[in-house]
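Engineer: My questions all concern the structure below.
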Amino acid sequence: MNRGRFAIRPRLTVRVRLTLLYSGLFALCGVILVVITYGLLAANLPAPSPGKDSAEAKQTAPADFAATCAKASGNPDADPDLVYKCKAAYQEGVLEGATTQREATLEQLLRYSLGTLAVVTLLASAAGWIVAGRVLRPVHRITEAARNASDEHLTARVALTGPHDELRELADTFDDMLDRLQSAFEGQRRFIANAGHELRTPLTVMRTAVDVVLAKPEPTRGELLDMGRDVRDAVCHAQALIEALLTLARTDRGQVDRTTVDLATVIEDAIDAAPSAPDTARLHTSLKPAPTRGDPILLERLAANLLDNAVRYNVPGGAVWISTSTDGARVSLTVDNTGPQVAAGRVGELFEPFRRLDERTGDGGFGLGLAIVASIAVAHDGQAVASVRPGGGLSVTVSLPARTA
């Protein structure tokens, strides 16, 4: 019932409201101008007031006073008192004429001013309607782009041209938002496709192992044990992948606890808990206190991923350097390693989920290690950056806010 009543209520568009606002302001300014003009003209045309003699002459004048004055005007022997009264009556007539002229002038000014104001206000309303339409044109373009935007259609842009005013800034901001949304949706689609592909791999391995054994009439005990090992390895692979995906999803939502953690202690625990590194990797540490606030489990995962990435993508006889430090309000964890040469322009791709470069195809990797590192860093109000080392390998630095007292 209420919805129906609200639905039939007339709706004033922004264009109509702007037009009414322009017209109202113009009319108000016009009225003020008319009042000021009327007042100035009335002040400069003071109302004449009759003198005392003129009033007495008017009261004592006979009915045929005008004819008598006409006769006395040319007679030198006329009564002086009569002549005086005639002059006073003449002055009274002049005053009445001036008063009438003043009133007529002010009335005519007011009538013409109000008429002109009404006509000009109508013209101003029409001009305001046109101007409001031109001003709101970018808003209509933004509305149309927002209406057409969807997860399947994010390529349209407002692309507003003209002066860099507030509407241009709004349109550019909206285009930037669409760019971010398009990038996010495309990244999400790639993530889902890659995650599905990675999860299908262990499932395919398990199914193949089972089908091969079941296809034999009488599989031997050794064949069954081999099948069980293959299935177990595939399950461990899938479990590790699912845990990595859950960690990435958790950090992307920014759900982290905040306790005091020392990055030096975290990296030491990661080194102790890591599987034995290849004999060819030499580890060098320079760990200084680097206290911060964050989730201990996630920060341990960050350190473990950095260490595993440095060891996994190394070269025979290579080395790994790990250091922690504090610089003012920031603490940092840096992991360097020797390794294959990586193009400087492609370093940023390493932080994208499931992104593996041709030179970095180690065994057992999902392409999520550095993506999880970057996500954990952002969730802790920090950042992760990487750079190419001279001669090959990478230098990855995670910067986080230092613990505040």
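Residue numbering for the sequence shown follows this note's numbering, starting at -17 and increasing by one per position. Idealized CB from N, CA, C, for every residue including glycine. As the structure is a computational prediction, the values presented were derived from the model and not from experiment.
On a CA-only basis, which of Gln164, Lys270, Gly375, Leu7 is nearest Val104? Give me that one, please.
Structural biologist: Here residue 104 is Leu; the residue named in the question, Val, does not match the sequence. Comparing Cα positions, the closest option is Leu7.
Engineer: Anyone know if the C-beta pair for Leu136 and Phe167 falls short of 8 Å?
Structural biologist: yes
Engineer: Any idea what DSSP makes of Gln365, helix, strand or coil?
Structural biologist: strand
Engineer: For the candidate residues Gly12, Asp147, His146, Thr125, whose alpha-carbon lies nearest to that of Val140?
Structural biologist: Thr125
Engineer: If you follow the alpha helix (DSSP H) that Arg(-3) is part of, which residue opens it and which one closes it?
Structural biologist: From DSSP, the alpha helix (DSSP H) with Arg(-3) extends over -4 to 26.
Engineer: Would a C-beta distance cut-off of 8 Å place Glu250 and Leu281 closer than the cut-off?
Structural biologist: No, these two residues do not count as a Cβ contact at 8 Å.
Engineer: Which of the three DSSP states is assigned to Arg275 in this structure?
Structural biologist: Assignment of Arg275 by DSSP, reduced to helix, strand and coil, places it in the strand class.
Engineer: Buried or exposed, going by whether 16 or more other CB atoms sit within 10 Å of the CB of Ala25?
Structural biologist: By the beta-carbon neighbour count (other beta carbons within 10 angstroms, threshold 16), Ala25 is exposed.
Engineer: Assess, as a yes-or-no matter, whether the stretch 306 to 314 is touched by the stretch 324 to 331 under the definition of 3 or more beta carbon pairs within less than 8 Å.
Structural biologist: No, the stretch 324 to 331 is not in contact with the stretch 306 to 314.
Engineer: Under the three-state reduction of DSSP, which class applies to Thr306: helix, strand or coil?
Structural biologist: strand
Engineer: Looking at C-alpha atoms only, which residue of Asp158, Val194, Arg123, Thr98 is the closest neighbour of Val13?
Structural biologist: When C-alpha distances from Val13 are compared across Asp158, Val194, Arg123, Thr98, the shortest belongs to Thr98.
Engineer: Take Gln319 and list the residues in its own chain whose beta-carbon comes closer than 6 Å to its own, dropping the five residues that flank it on each side.
Structural biologist: Strictly speaking, residue 319 in this sequence is Asn, with Gln absent from that position. For Asn319, where only same-chain residues beyond five positions count, the Cβ hits under 6 Å are Ala292, Asn296, Val302, Gly375.
Engineer: Report the rounded CA-to-CA distance for Ala128 versus Ala366, giving the unit in angstroms.
Structural biologist: 33 Å
Engineer: Look at the Cβ atom of Pro278, then the Cβ atom of Val243, and state whether they are nearer than 8 Å.
Structural biologist: Yes, Cβ-Cβ distance for Pro278 and Val243 is below 8 Å.
Engineer: Near Ala286, what residues of its chain come up, given a Cβ to Cβ distance below 8 Å and the 5 sequence neighbours on each side ignored?
Structural biologist: Contacts found: Ala252, Ala255, Ala256.
Engineer: Give the DSSP bridge partners of Val243, in chain order.
Structural biologist: Thr274
Engineer: Please state whether DSSP places Thr320 in a helix, a strand or coil.
Structural biologist: Thr320 falls in the coil class under three-state DSSP.
Engineer: Enumerate in chain order the residues of its own chain whose CB-to-CB distance from Glu334 is below 7 Å, with the five nearest sequence positions on each side excluded.
Structural biologist: Ala353
Engineer: Where Pro273 and Val380 are concerned, what is the direct C-alpha to C-alpha distance, given to the nearest angstrom?
Structural biologist: 13 Å
Engineer: Here's a check: name, in chain order, each residue in its chain whose Cβ is nearer than 6 Å to the Cβ of Leu3, leaving out the five neighbours to either side.
Structural biologist: none
Engineer: So Ala384 and Thr308 are in contact, right, with Cβ under 8 Å, and what is the actual spacing, rounded?
Structural biologist: With a Cβ gap of about 6 Å, Ala384 and Thr308 count as contacting.
Engineer: The beta strand (DSSP E) spanning His266 covers which residue range?
Structural biologist: 264 to 269
Engineer: Starting from Thr379, follow the beta strand (DSSP E) in both directions and report where the run begins and ends.
Structural biologist: 376 to 383
Engineer: Please name the residue in Thr81, Gln90, Ala109, Asp154 whose C-alpha comes closest to that of Val121.
Structural biologist: Asp154
Engineer: With DSSP run on the structure shown, which of helix, strand or coil describes Arg(-7)?
Structural biologist: coil
Engineer: What does DSSP give as the partner residues of Ala222 in its beta bridges?
Structural biologist: Answer by DSSP bridge pairing: none, since Ala222 is not bridged.
Engineer: For His362, does the count of other Cβ atoms within 10 angstroms reach 16, so buried, or fall short, so exposed?
Structural biologist: buried
Engineer: Rounding to the nearest angstrom, what Cα-Cα distance links Ile358 and Ser165 in this structure?
Structural biologist: 20 Å
Engineer: Residues in the same chain with beta-carbon distance under 6 Å from Gly364, minus the five sequence neighbours each way, listed in chain order, please.
Structural biologist: Ser381, Leu382
Engineer: In angstroms, rounded to a whole number, what distance separates the CA positions of Leu22 and Ile112?
Structural biologist: 35 Å
Engineer: Under the rule that 16 or more other beta-carbon atoms within 10 Å means buried, what is Val17, buried or exposed?
Structural biologist: Classification of Val17: exposed, given that the 10 Å Cβ count is below 16.
Engineer: Could you check whether the Cβ of Leu96 sits closer than 7 Å to any heavy atom belonging to the ligand ADP?
Structural biologist: The ligand ADP is not part of this structure, which contains no ligands at all.
Engineer: What is the DSSP secondary structure of Val102, counted as helix, strand or coil?
Structural biologist: Three-state DSSP puts Val102 in a helix.
Engineer: Answer with buried or exposed for Thr143, where buried requires no fewer than 16 other C-beta atoms within 10 angstroms of its C-beta.
Structural biologist: A residue is called buried once 16 or more other Cβ atoms fall within 10 Å of its Cβ, and Thr143, having fewer, is exposed.
Engineer: Excluding the 5 residues flanking Gly115 on each side, which residues of the same chain have their C-beta closer than 7 Å to its C-beta?
Structural biologist: Arg(-3)
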